[in-house]
Amino acid sequence: MYIRGDHTEVVVGGRLDVRSAADARTALHSAVDDGVGDLVLDLSGLDSWDATGLGVIMGAHRRAGRCGRRLVLRGVPAQMQRLLVATRLHRILAIEGGIGVESLPRV
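The sequence shown begins at 527 in our numbering and counts up one residue at a time.
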């Protein structure tokens with residue numbers, strides 16, 4: 527897993543899973559705490575994730591809300607879009623461009 531960026535835009539790539547969750551959580555919390563306004567989380571380089579990785583993203587979303595910020599997901603891979611729809615998290619998270627639910631294959 528790699529994380530690049532600052533307090534306005536963070537790029538996450540590779541695997542976001544149980545092994546990388548602690549590092550990802552630390553980096554995202556720092557980005558949220560050090561900035562103002564929207565924090566864009568670019569997931570276009572994300573290869574895979576697990577429930578722990580999704581939990582890290584939700585934790586960053588909650589922390590951003592408590593800090594008066596908004597976490598905005600960008601470049602969400604199609605497989606993750608389906609997961610967000612299946613869990614109804616697409617209704618909670620801000621997703622740049624939205625998710626075309628009708629265009630996603632049924633799972």
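We treat Cβ as the ideally placed atom computed from N, Cα and C, and that holds for glycine.
Is there a Cβ from chain D that is less than 9 Å from the Cβ of V611? Absence of chain D from the displayed structure is noted, only one protein chain being present.
Through-space distance from V544 to V582, alpha-carbon basis: What you label residue 582 is simply residue 56 of the sequence shown in a count that begins at 1. What you label residue 544 is simply residue 18 of the sequence shown in a count that begins at 1. Between V582 and V544, the C-alpha separation is close to 10 Å.
For the alpha helix (DSSP H) containing I583, list its first residue and its last residue. Within the sequence shown, numbered from 1, the residue matching residue 583 stands at position 57. Where I583 is concerned, the enclosing alpha helix (DSSP H) stretches over 577-592.
Rounded to whole angstroms, what is the Cα-Cα separation between D559 and I618? What you label residue 559 is simply residue 33 of the sequence shown in a count that begins at 1. What you label residue 618 is simply residue 92 of the sequence shown in a count that begins at 1. Taking the straight line from one Cα to the other gives about 21 Å.
So the beta strand (DSSP E) L597 belongs to, where does it begin and stop? Translated into the one-based positions of the sequence shown, residue 597 becomes position 71. Counting along the chain, the beta strand (DSSP E) containing L597 begins and ends at 596-600.
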